[in-house]
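First comes the structure, then the notes that go with it.
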Amino acid sequence: MQKAIIGKKVGMTQLFDEKGKVVPVTVVEAGPCVVVMKKTIENDGYEAVQFGFGDAKEKNVNRPRKGHFAKANVANKKTLREFRFENCEAVNVGDIIKADAFVIGDKVDVVGTSKGKGYAGVIKRHGFARLKETHGTGPVHRHAGSNGACSDPSRVMKGKKLPGHMGANRVTVQNLEVVKVDVENNLIALKGAIPGPKNGIVCISDSVKA
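All residue numbers for the sequence shown refer to my numbering, where the first residue is 935 and numbers rise by one.
This is the structure:
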């Protein structure tokens, strides 16, 4: 069966493998998640399972969501995410998904929202080179330079790399390895880095390329 879970990024640390080699890992507080809803082809046109993560206070939940949780007979949750499974028969509304759904050695994909950097120039955003700082270049060392064409087509082409808003995007990191699973504390250690700040919400699922 396909596996997935919602988690919260705790931070990065390092572990040592059997040979004493340092392994950089990101620790994720994964679950427990509850199955809130099942989407079906008959009703919704596709098959998916909706998970809920993190308890929410009654005053912070609006009426439509309260009715949604009441219909499923589950507690109010802060975060809802859908996962498309090829076979949704194995899970039912109300089931609890914990960190032990994954085992050491599993390959997973992690989806999160990257850190927002605000408005950034072309050097920071796209890795452009600086202009030389001598021979009269002037106070434009970090500028993009000329980016338009000549009289034809007399415009800047679409897709041109320009300054603008950087970060705060949905990012997927693929083929990360599960290094350690702490079932008691609902923690999963993944080899490498994952997107987002500490306490950011991430979704962990089976790797599509493994």
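The C-beta atom is built at its ideal place from N, Cα and C for all residues, glycine as well.
Asked	Found
DSSP-derived helix/strand/coil call for Ala990	coil
Same chain only: Cβ atoms within 6 Å of Arg1059, ignoring 5 sequence neighbours per side	Met1100
Coil, strand or helix - Lys1132 by DSSP	coil
Per-residue burial, Asn1120 [other beta carbons within 10 Å of its own, 16 or more giving buried]	buried
Inter-residue Cα distance where the pair is Thr947 and Pro966	22 Å
Residues that DSSP places opposite Cys1084 in a beta bridge	Pro1087
8 Å Cβ cutoff, Glu1020 in contact with chain D	The structure shown contains no chain D; it is built from a single protein chain.
Where Glu1118 sits in the DSSP three-state scheme	coil
Exposure of Leu1110, with buried meaning 16 or more beta-carbon neighbours within 10 Å	buried
Validate contact between the stretch 1044 to 1053 and the stretch 1020 to 1028 using beta carbons, cut 8 Å, 3 pairs	no
Whole beta strand (DSSP E) elements within the stretch 1022 to 1079, 3-residue minimum	1041 to 1047 and 1052 to 1054
Buried/exposed call for Lys942, threshold 16 Cβ in 10 Å	buried
Backbone CA spacing between Lys1114 and Phe1017 [nearest angstrom]	23 Å
Simplified DSSP state of Asn977, which is helix, strand or coil	helix
Alpha-carbon spacing of Thr974 relative to Val1090, whole angstroms	46 Å
Buried or exposed (CB count within 10 angstroms, at least 16 for buried), Asp1040	buried
Range of the contiguous beta strand (DSSP E) that encloses Ala938	Ala938 to Phe950
Own chain residues within Cβ distance below 6 Å of Pro1097, not counting five before or after	Gly1055 and Val1056
Through-space distance from Glu992 to Lys1005, alpha-carbon basis	16 Å
When His1069, Ser1085 and Lys1095 are compared against Ala1078, the one with the closest alpha-carbon	Lys1095
DSSP-derived helix/strand/coil call for Pro958	strand
Any 3 or more C-beta pairs closer than 8 Å across the stretch 995 to 1015 and the stretch 947 to 958	no
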